[in-house]
């Protein structure tokens, strides 16, 4: 086993601070181009690497404008505005053969202690140890980097199982184990198969167009979670003429809601 | 009554296509600066006004980096990438005395007919006609442009009423009546009072940091809705050290989910 975790290899960057260079490794390949969660991780890594960055990630929006080629990319980072406790970032990822493939914005912030509460409490489910690990044969490469234990809404690829709803629940963590950080939390927020696969129980053309993840934790919360599995839930709200949405929640093992995430997905059905 | 609807006055732009000029009217003023929904409307108006724009809005993310001054602004619009059926846009709103106040990204798309379904069905509630219109005395100016009929989760400003949850439901429409379009649908997706007001039932410092709205409709769906009220629901999922999220759904009178919207909000409590 390499001393560097595969996820760190995938999102590694050089250069900076106005332009960073990177290349998602084949280990995080998807159907077409690399896994969107790893692309998001590389973008967030660029913000976190920037020497003027203050505070922790609060939100990031990643717009997938074109599939990436299996080639190096540039990430141009602009600090649009720096306030006393928040910073606003703009990012563009481009490749020589593709042009601009991704646009993104991110916000970092210094948090202050306040009244706090998880209002969306974690559902009562089987513990991770009691749920078998999902096999990953025949799956795109990126899936092998996660240990997924499906509780509900698995994809069977048997259209007779077509579902009345699109909700999935699973336990998920990096494999090999890796202490949770903002980049991996972002990547995991994109780990759900397209909701149309759950509804139709078949493979169909589908791809994320835009993803927004909100972080509800900080260094202490990440440290507490460490390498334990996250309880993850996703569901779609409307499928309409070629696009559907997905809303997701990621709870830590102690029941704290660590992130919420939303995306809009292209599909053909 | 002026021949031009107040909302159209608020989001009116001149110039273009690389830079548009505008100024939110005092009718859409908020506590500090203009109403975020009207700012979003002006940004989306810039995209829709652009001569190279194709298709309808699919999503928009608006990052509120600084309060706007009561002054004119510039909106710089960049078409980042144009695909066969989608376009990716980047926007920056700036003012002479403020600098960059807003960054945004938007996606427009040509839709194709597909299998479609509203999975998040509208809750069974009283019809709008049976619910009294919320009084707007003492409220910021923008509230007077909407007819709101609260079904649940009203803000009473009486801390003894502090709520166990942050869910609000209401019927909402422009007043005077105005046929729904993408800009007004976006503006309405920001019409909810901060969720911390509902939980604590008191006024506290709070302001939207970033808003993302997904559109699930098209010209035909908007025409069907016309000037009828929307059923709107919002709730928070986690309040943590100075920030909380809000997820919202906006259904048309026929039960179709026209938009879903998410935001992250700064608060002190």
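Residue numbers (my numbering), protein chains in the order written: chain A, 6 to 274; chain B, 6 to 274. Built from N, CA and C at the ideal position, the CB exists for glycine as well. In this text the structure is predicted, and so the values were computed from the model without any measurement.
| Cut-off 6 Å between Cβ atoms - residues of its own chain near residue 97 (chain A), not counting five sequence neighbours on either side | 81, 105 and 108
| request: Return the chain-ordered list of same chain residues with a C-beta closer than 6 Å to the C-beta of residue 111 (chain A), the five sequence neighbours on each side being excluded. | output: 52, 65 and 94
| Sub-7 Å separation of residue 237 (chain B) and residue 255 (chain B) beta-carbons | yes
| Closer than 8 Å, Cβ to any Cβ of chain B: which residues of the segment 159 to 186 of chain A, in chain order? | 170 and 171
| message | On the CB-based measure, 16 or more other CB atoms within 10 Å of its CB, does residue 270 (chain A) come out buried or exposed? | response | buried
| request: May I have the straight-line CA-CA distance separating residue 63 (chain B) from residue 8 (chain A), to the nearest angstrom? | output: 43 Å
| Buried or exposed: which applies to residue 166 (chain B), given that a residue is buried once 16 or more other Cβ atoms fall within 10 Å of its Cβ? | exposed
| field | Closer than 7 Å to chain B by CB, residue 23 (chain A) | value | no
| Which residues, in chain order, does the segment 227 to 240 of chain A contribute to contact with chain B at a C-beta distance below 8 Å? | 240
| Do residue 266 (chain A) and residue 171 (chain A) have their CB atoms nearer than 7 Å? | no
| query | In chain order, which continuous runs of the beta strand (DSSP E) of length 3 or greater are located wholly inside the segment 148 to 185 of chain B? | reply | 151 to 157 and 173 to 179
| query | By the criterion of Cβ-Cβ separation under 9 Å, what are the contact partners of residue 44 (chain B) in chain A? | reply | Within chain A, no residue comes near residue 44 (chain B); the closest Cβ sits about 14 Å away, beyond 9 Å.
| query | Going along the chain, which residues of the segment 122 to 146 of chain A sit with their C-beta nearer than 8 Å to a C-beta in chain B? | reply | 122, 123, 124 and 125
| residue 205 (chain B), buried or exposed, once every other Cβ within 10 Å from all chains shown has been counted against 16 | buried
| query | Is it the case that the Cβ atoms of residue 188 (chain A) and residue 46 (chain A) are separated by a distance below 7 Å? | reply | yes
| message | I'd like to know whether the C-beta of residue 258 (chain A) is nearer than 7 Å to at least one C-beta of chain B. | response | no
| message | Taking its Cβ as the centre, do 16 or more other Cβ atoms sit within 10 Å of residue 208 (chain A), making it buried, or is it exposed? | response | exposed
| field | Inter-stretch contact at 8 Å, needing at least 3 Cβ pairs: the segment 10 to 28 of chain B / the segment 111 to 124 of chain B | value | no
| said: So within the segment 209 to 271 of chain A, which uninterrupted alpha helix (DSSP H) runs reach at least 4 residues, ignoring any that extend past its ends? | reply: 224 to 230
| Residues in its own chain within less than 7 Å of residue 232 (chain B) by CB, not counting five upstream and five downstream? | 178, 182, 183 and 184
| request: Per DSSP, which residues does residue 64 (chain B) bridge with? Please list them. | output: B:112 and B:219
| In chain A, which residues lie with their C-beta within 7 Å of the C-beta of residue 118 (chain B)? | 246
| Listed from N- to C-terminal order along the chain, which residues in the segment 67 to 80 of chain A have their beta-carbon within a distance smaller than 8 Å of any beta-carbon of chain B? | 68, 70 and 71
| task | Give me the Cα-Cα distance between residue 4 (chain A) and residue 173 (chain B), rounded to the nearest whole angstrom. | result | This structure gives no information on residue 4 (chain A), because the portion of chain A shown stretches from 6 to 274.
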